[in-house]
Every structure is written in structure tokens, then in C-alpha cells.
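Q: Got a structure for you, questions after.
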Amino acid sequence: MTKIALFGATGTVGSRVLREALRRGHEVTAVVRDPASLPDSVSGAGAGAIGLVRGDVLDPASVAAAVAGHDVVVSAFGPGRGDPTTLVTAAKSLIGGVRSLGTDAPAPRVVVVGGAGSLRTPGGPLVLDESGVPAAVLAVMHAHGEALDFLRTVPVEQVRWTCLSPPAHIAPGERTGTYRLGLDGLVVDEEGRSRISTEDFAVALVDEIERDAHAGRRFTVAH
């Protein structure tokens, strides 16, 4: 059983990660600004244990208080309709909060849900450089890319971090438990499609928690 602190547990991705981790018997602390926003139904979602604390991913001191004593910190934070640059603030706050815990105990690993914009299309440009991307989506892509650039400056000897980027299309759907792996290139199928269900994205993320296979790297998954 792994002790996981999860930011963004009420979101589309975070709620699936929460359920997948509980399904596998892990102990999850959902770190939320508003405890009332977490559905009661997740308490019976699996064999794992769930805790609930109030915390703010944008505040390093709040992060430190919430994640102390955990093995892994997961951020599925998203800006919603707010300022996309909070994605960069969140990444810096997570690393700062974990660093501030000191060296008396092993620092928790950090797993961040990234974006697809900085992935390279097969034989072509980055996703964010493709034509026709709406301005609002492009702003979020650039913010995710800046957050990843920051993470890449963090030595894994200080904080053992990983970033998981989704494919071009991700939406709630079926949990098959299968996916294909990539690193900095968009994973596509034989018809050129790049997609995954949110449920299988959560499977991949919890697999990474259990396997620790991409320390100091970004990776991606797709069906």
C-alpha cells in the first residue's frame, strides 16, 4: 500500500485517479480547497483508505503541511476557466513544498498531470504549433509546457518527479486497463488517432506510482 496525497481529486482526471488508487488498495489523502466538493460515493470505491484534508496546491506551505508523511504526491490540478499560468505556479509550489520538508525522512515522489501541447506529432510539429488550435486552448498548452520546462530543472536527487501527458484526445469512457507508452512524441494508432479514456489514463498514472519507471522524465500514453 502506497500513501498518496492527491491534489485535484474532484476533477475529471483526479477523480478517476482517486478511484483507481482506491481500487488497488492504496491509501489516498484527497487535498482539496473545499472538503464538501468531494462526493461521498468515493469512500466505497475500492479496498483502499481515503482521507481528506484542506489544502491549496498554489501555496508551498500548504503543500508541505498536506503531503508530509506521504510516499507520493499527485497533482491533477487544472486551471478550469481561470488563469492558465496557475499551472506553472502549481508546479513550483509542489516542488517548493516537498523541498521544504527537509531530509529527516525520504521526500515523497511527485507525479504531475501535464498537457499534450508540447508533444511532437509523428514527423511533424509540436501539437501546440499545429494550425487551428483555439487561443484559449493554446494558452493552457503553453502553460503546461512552461510547467514541464520548470520540472526539468529539478534534479531528481532533490525531488523525484515525473510528468504524465495525455494524448491529443482524452475523455471519460471505458476502463480497459491497457494503453501504449511514449515519451516526448504523440502516441497514435494505425489511423493516426491519439486518444485515451480518462479511466485508462488513471490506470497509467497509478501504474507509474507503483513502478516508478519515469523518474525525471515526461511520458505519455494512448490507446
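Just so you know, we're using the working numbering here: the sequence shown kicks off at 36 and counts up by one.
We put the CB at the ideal spot given by N, CA and C, even for glycine.
Per DSSP, isoleucine 85 forms a beta bridge with which residues?
A: Residue 85 sits at position 50 when you count from the first residue of the sequence shown. DSSP lists Val63 as partners of isoleucine 85.
Q: Using the Cα positions of valine 146 and arginine 51, report the straight-line distance between them to the nearest angstrom.
A: Residue numbering aside, residue 146 sits at position 111 when the sequence shown is read from its first letter. Residue numbering aside, residue 51 sits at position 16 when the sequence shown is read from its first letter. Approximately 15 Å between the Cα atoms of the pair.
Q: Within the same chain, show all residues whose beta-carbon is closer than 7 Å to that of leucine 136, passing over the 5 residues directly before and after it, in chain order.
A: By one-based count along the sequence shown, residue 136 stands at place 101. Within the same chain, leucine 136 has close Cβ partners Ala99, Ala103 and Ala142.
Q: Only counting the same chain, and skipping five residues up and downstream in sequence, which positions put a Cβ closer than 7 Å to that of leucine 186?
A: As a working mapping, residue 186 is identified with position 151 in the sequence shown. Closer than 7 Å at Cβ, skipping near neighbours: Ala126, Val147, Trp196 and Cys198.
Q: Among the candidates Ala257, Ala71, Val133 and Gly46, whose CA atom is the shortest distance from the CA of glutamate 225?
A: Translated into positions along the sequence shown, residue 225 becomes position 190. Residue Ala257 is the option with its Cα nearest to glutamate 225.
Q: According to DSSP, is histidine 179 part of a helix, a strand, or is it coil?
A: Translated into positions along the sequence shown, residue 179 becomes position 144. It is helical.
Q: Please identify the residue among Glu234, Gly208, Glu192 and Pro157 whose C-alpha is closest to the C-alpha of arginine 228.
A: As a first step, residue 228 must be located in the sequence shown, where it is residue number 193. When each option's Cα is compared against that of arginine 228, the closest is Pro157.
Q: Using beta carbons (cut-off 7 Å, strictly below), is proline 190 in contact with chain C?
A: In the structure shown, chain C cannot be found, because there is only a single protein chain.
Q: What alpha helix (DSSP H) runs, 4 residues minimum, are completely inside the stretch 95-157?
A: For the stretch 95-157, whole alpha helix (DSSP H) runs of length 4 or above, ordered along the chain, are 95-102 and 121-134.
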